[in-house]
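Using the numbering used here, the first residue of the sequence shown is number -7, and each one after it goes up by one.
From the three backbone atoms N, C-alpha and C, an ideal C-beta is built for every residue, glycine too.
Just so we're clear, the structure is a prediction, and the values are computed from it rather than from any experiment.
Please read the structure below before turning to the comments.
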Amino acid sequence: MIPIVRQPLPASLSAHLAGKTAKIAASATRQKTARKSWSSATATRRQLKLELLSMCARPSFCMYCYESRGTDVDHFVPIARDPLLTFVWDNHILACGYCNQQAKKERFPVDPDGHPLLLDPGMDDSAEHMTLASTGLFIELTPRGRETIDVLGLNARSELVEARYRSWRGVIRVFGQAARDRRPVDADDVEDLRFLPVVDALHHFAHDVAADRLARKAVPPSLARFAAHNLPALRSIFPSCRL
Ligand SMILES: [Zn+2]
């Protein structure tokens, strides 16, 4: 999960969404009104999806798992929890059918103070809450990381673990080749890295480089040093991350 850089909406679409929210706020049955209004707003959903499609680190991929195409406009805070956020732009996430309809659904764990435990791709960087093992499994670093792995089934979906494993190997291969060629990671390498099965593996690799913890992932020290020299290239791929 890579923090997205959310673009402002065209003024006409923003005004349209605000109008929908006002109608829900005025309704005596907000949840029912919100659901009905959302399901009938086909053109609005299509417009929102178009806006979301270009905003992720790998365009058009699910902002939760980054393994599948984004097909749905998900409500980060579910309609059942807050109908007033149904048409609020900051609450819209591009998700694959699995993440949205089978994994997350209406699950939205919160801490005792009511703060979300699920990480929000709109503002959170998952690398601060979980780390990727070279096996493709995520290891939690915080309670929010644990809840997110659980709610989205990030370790329970074997195809996802396998794709992250292959992607991690792909990152090691690209960096290893550049190191053997005694040249910096170049634009062609960056292009290859962007199109790994799961670009989130590269995202976690970048954080491991910045935090100097590649040795814990069984990466040879010489390759870890080479990767550290190429941190600027990684920063350019993930401008929204603190690297
Ligand atoms: Zn997904």
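Give me the residue from the options with the minimum Cα distance to residue i.
| i | options | result |
| --- | --- | --- |
| Gly162 | Arg38, Ala220, Ala193, Leu226 | Ala193 |
| Asp112 | Ser214, Leu133, Asp178, Asp82 | Asp82 |
| Cys91 | Ala18, Arg(-2), Leu146, Met115 | Leu146 |
| Phe68 | Glu59, Phe53, Lys96, Glu43 | Lys96 |
| Glu151 | Gln(-1), Val143, Leu129, Thr63 | Leu129 |
| Cys57 | Val191, Thr13, Thr127, Ser46 | Val191 |
| Ser235 | Phe218, Val102, Asp204 | The sequence given here places Leu at residue 235; Ser does not occur at that position. Here the closest residue by C-alpha is Asp204. |
| Phe218 | Pro176, Arg227, Leu76, Pro231 | Pro176 |
| Leu86 | Arg27, Leu226, Leu44 | Leu44 |
| Arg22 | Ser31, Gly168, Val(-3), Leu76 | Leu76 |
| Ser118 | Asp200, Gly106, Pro104 | Asp200 |
| Arg186 | Ile141, Glu59, Arg99 | Glu59 |
| Leu124 | Phe53, Gly137, Gly114 | Gly137 |
| Thr63 | Gly89, Val80, Ser6, Ser46 | Gly89 |
| Ser159 | Phe53, His196, Pro212 | His196 |
| Val102 | Gly114, Glu139, Met122 | Glu139 |
Could you check how far apart the C-beta atoms of residue i and residue j are, in whole angstroms? I think they sit under 8 Å.
| i | j | result |
| --- | --- | --- |
| Ala148 | Pro189 | Their Cβ separation, rounded to whole angstroms, is 18 Å, which puts Ala148 and Pro189 out of contact at 8 Å. |
| Thr78 | Ile16 | 6 Å |
| Val65 | Leu42 | Not a contact, Cβ separation roughly 10 Å. |
| Ser232 | Val(-3) | 5 Å |
I need the DSSP call for residue i, collapsed to helix, strand or coil.
| i | result |
| --- | --- |
| Ile238 | No information on residue 238 is available, as it lies outside the stretch -7 to 235 that the chain covers here. |
| His8 | helix |
| His229 | Per the sequence shown, the amino acid found at residue 229 is Ile instead of His. Helix, per DSSP. |
| Pro108 | strand |
| Arg73 | coil |
| Arg27 | helix |
| Arg22 | helix |
| Arg175 | coil |
| Arg208 | helix |
Is residue i near ligand 1, going by C-beta to nearest heavy atom under 6 Å?
| i | result |
| --- | --- |
| Cys48 | no |
| Phe150 | It is Ser, not Phe, that sits at residue 150 in the sequence shown. No, the beta carbon of Ser150 sits no closer than 6 Å to any heavy atom of ligand 1. |
| Ser60 | yes |
| Cys54 | yes |
| Cys233 | no |
Going by DSSP, what residue range makes up the alpha helix (DSSP H) through residue i?
| i | result |
| --- | --- |
| Thr123 | Where Thr123 is concerned, there is no enclosing alpha helix (DSSP H), although the beta strand (DSSP E) it sits in stretches over 122 to 124. |
| Leu215 | 213 to 221 |
| Glu43 | 34 to 45 |
| Val166 | 150 to 172 |
| Phe197 | 191 to 202 |
| Asp142 | 135 to 144 |
| Glu183 | 179 to 186 |
Would you give the residue range spanned by the beta strand (DSSP E) that residue i belongs to?
| i | result |
| --- | --- |
| Leu86 | 84 to 87 |
| Asp64 | 64 to 67 |
| Glu98 | Per DSSP, Glu98 belongs to no beta strand (DSSP E) and is neither H nor E. |
| Phe79 | Run containing Phe79: none; DSSP gives neither H nor E here. |
| Ile131 | 130 to 132 |
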